[in-house]
Each structure stands twice: as structure tokens, then as C-alpha cells.
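What follows is a set of notes on a single structure, which appears directly below.
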Amino acid sequence: MDQNVKDYVAQKVKELMDAPTCCAEAKAAAQNWLDALGTDQEAQQAKNLIAELEMDIMPVDGLIAFADSEAGAQVFGAETAKNVAAHGREIKAAGAKYCDCPACNAVAAILEKKDGLL
Numbered sequence: 056m057d058q059n060v061k062d063y064v065a066q067k068v069k070e071l072m073d074a075p076t077c078c079a080e081a082k083a084a085a086q087n088w089l090d091a092l093g094t095d096q097e098a099q100q101a102k103n104l105i106a107e108l109e110m111d112i113m114p115v116d117g118l119i120a121f122a123d124s125e126a127g128a129q130v131f132g133a134e135t136a137k138n139v140a141a142h143g144r145e146i147k148a149a150g151a152k153y154c155d156c157p158a159c160n161a162v163a164a165i166l167e168k169k170d171g172l173l
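All you need for our numbering is the position in the sequence shown, starting with 1, plus 55.
Right under this line is the structure:
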């Protein structure tokens, strides 16, 4: 892997891990990849990281549907859920493909470098 790509991805992985919206599974995969850098496990952990992130990134339509649901209201609170759904519609109208929370932004940046990572 190109060192510039590795450095960029490592920065984004750390941003992901620091994001309040990052799930435990993504944090674990990210930490495993960081721990494996420079070892014979690096390639396998990169594959594991990419697989986890591809499952975790939230498509904007999924964000809207969740925020509009009863479950979304329970997680966010009714008023915040309405605001999240409205925000989702705004970013979708502007061309967004994914949620723009800090975790999803970091995941999208990492996945853009997927080919250089694997």
C-alpha cells in the first residue's frame, strides 16, 4: 500500500474512532487495523475493516426512513428525529448518497481509498 494512502486512511480511521456516532464494531475493526499496520496481519485486517465499514455506512435513504420511524423517534426523541429526517432530505436533495454524521463522513473517505488499501 502506498504510504500516502496508508497515512490518509490512518487519519480517517482515527477520526472514525473518535466520532460519537461510530458503533462498537467499527471501532474494533478500526483498532485492529491500526494495530496490524506493518505486520503480516495488515492485509487481512484491511479486508476486515472494509467489510465492516461497507456494512455500517448509512445510505441517506436509510437515515431518512429510520428518522421517520417509531424506532427513530425512540432513539433520537420525537423532535430530533423530525430534524434528522428533514436534514436527510436536505442533503439528499443536494446530492448526498450517505448520512453526513462524523462517522459516516470518515467511512466514506476511507472507502474512497478502498482499492489502495486492499
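The C-beta atom is built at its ideal place from N, Cα and C for all residues, glycine as well.
Check whether residue i and residue j have beta carbons under 7 Å apart
i	j	result
Leu-92	Ala-158	no
Ala-164	Lys-67	yes
Ala-133	Gly-127	no
Val-115	Lys-69	no
Gly-143	Leu-118	yes
Ala-84	Leu-104	yes
For residue i, the three-state DSSP class (helix, strand or coil)
i	result
Pro-157	helix
Outcome for residue i when other beta-carbon atoms lying within 10 angstroms are tallied against a minimum of 16
i	result
Ala-122	buried
Val-139	buried
Gln-100	buried
Near the ligand GTP: residue i beta-carbon under 6 Å from a heavy atom
i	result
Asn-138	The model on display carries no ligand, and the ligand GTP is accordingly not part of it.
Proximity winner among the options, relative to residue i (alpha-carbon distances)
i	options	result
Val-162	Val-64, Asn-59, Asp-57 and Gln-58	Val-64
Asp-62	Gly-117, Pro-75 and Trp-88	Trp-88
Cys-156	Asp-57, Gln-58 and Asp-73	Asp-73
Asp-57	Asp-90, Gln-86, Pro-75 and Ala-98	Ala-98
Contact the segment 66-84 vs the segment 145-153: 3+ CB pairs below 8 Å: Output reads no: the segment 145-153 does not touch the segment 66-84.
Inter-stretch contact at 8 Å, needing at least 3 Cβ pairs: the segment 107-117 / the segment 163-170: The segment 107-117 vs the segment 163-170: in contact.
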